[in-house]
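Participant: Structure below; questions to follow.
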Amino acid sequence: MPLIEGTTGVKTLVAEYDFAVDGGTVGSKTLRGIAGNGNSIPAGSTVIGGYLEVLTAFTSASTNTGTVALTLEGAGDLVVGTSQPVSGAPLSTTGRKDILPDSTGDTSIRTTTARSVVATLAIAAITAGKLRVHLRYV
Numbered sequence: 002m003p004l005i006e007g008t009t010g011v012k013t014l015v016a017e018y019d020f021a022v023d024g025g026t027v028g029s030k031t032l033r034g035i036a037g038n039g040n041s042i043p044a045g046s047t048v049i050g051g052y053l054e055v056l057t058a059f060t061s062a063s064t065n066t067g068t069v070a071l072t073l074e075g076a077g078d079l080v081v082g083t084s085q086p087v088s089g090a091p092l093s094t095t096g097r098k099d100i101l102p103d104s105t106g107d108t109s110i111r112t113t114t115a116r117s118v119v120a121t122l123a124i125a126a127i128t129a130g131k132l133r134v135h136l137r138y139v
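In this text, residue positions in the sequence shown follow the numbering used here: the first is 2, and each later residue adds one.
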């Protein structure tokens, strides 16, 4: 369903990173929107919650020391990468995982401009992995 600017109610953004499509070199990668809803959240929106869905477990070069941070407004505000090497939770196994915004006021994220979800790959190149970020916002 396409995003309709100015509408009320809870909306959902689903964005995807896939090593097979996006590559795994160290650096920042803007996640692709799926489900026909674009890949950005409008300025002034508040992300109230969501989850991470790991579809393919992540691996990286250098004995799985690579990290992945997921950001919307500020560094690691969805998933903090420095404490999340791909060898451990949440990226080493498939399934649905928690993200930082968890439907409480103090974990919500307010966008200052239209924002897309960005994956920051660091330490070592990613060699496998696929994830989707599901965000609920108003």
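C-beta atoms are modelled at their ideal positions from N, C-alpha and C, and glycine is treated no differently.
(1) Report yes if the CB atom of Leu1 is closer than 8 Å to the CB atom of Val80, and no otherwise.
(2) Along the chain, where does the beta strand (DSSP E) that runs through Ala62 open and close?
(3) Using only the alpha-carbon positions, how far apart do Asp78 and Thr113 sit?
(4) Give a yes or no on whether 8 Å exceeds the smallest Cβ distance from Tyr138 to chain B.
(5) Shortest alpha-carbon distance to Ala62 belongs to which of Tyr138, Gly130 and Gly51?
(6) What are the boundary residues of the beta strand (DSSP E) that includes Ala44?
(7) Helix, strand or coil, according to DSSP, for Val11 in the structure here?
(8) What span of residues does the alpha helix (DSSP H) with Val22 cover, start to end?
(9) Ala58 to Thr95, Cα distance in whole Å?
Facilitator: Based on what the coordinates show:
(1) No information on residue 1 is available, as it lies outside the stretch 2 to 139 that the chain covers here.
(2) That residue, Ala62, is in no beta strand (DSSP E); its alpha helix (DSSP H) goes Ala62 to Asn65.
(3) Taking C-alpha positions only, Asp78 is separated from Thr113 by approximately 14 Å.
(4) Absence of chain B from the displayed structure is noted, only one protein chain being present.
(5) Gly130
(6) Segment: none, Ala44 is in no beta strand (DSSP E) and carries neither H nor E.
(7) coil
(8) Phe20 to Asp23
(9) 5 Å
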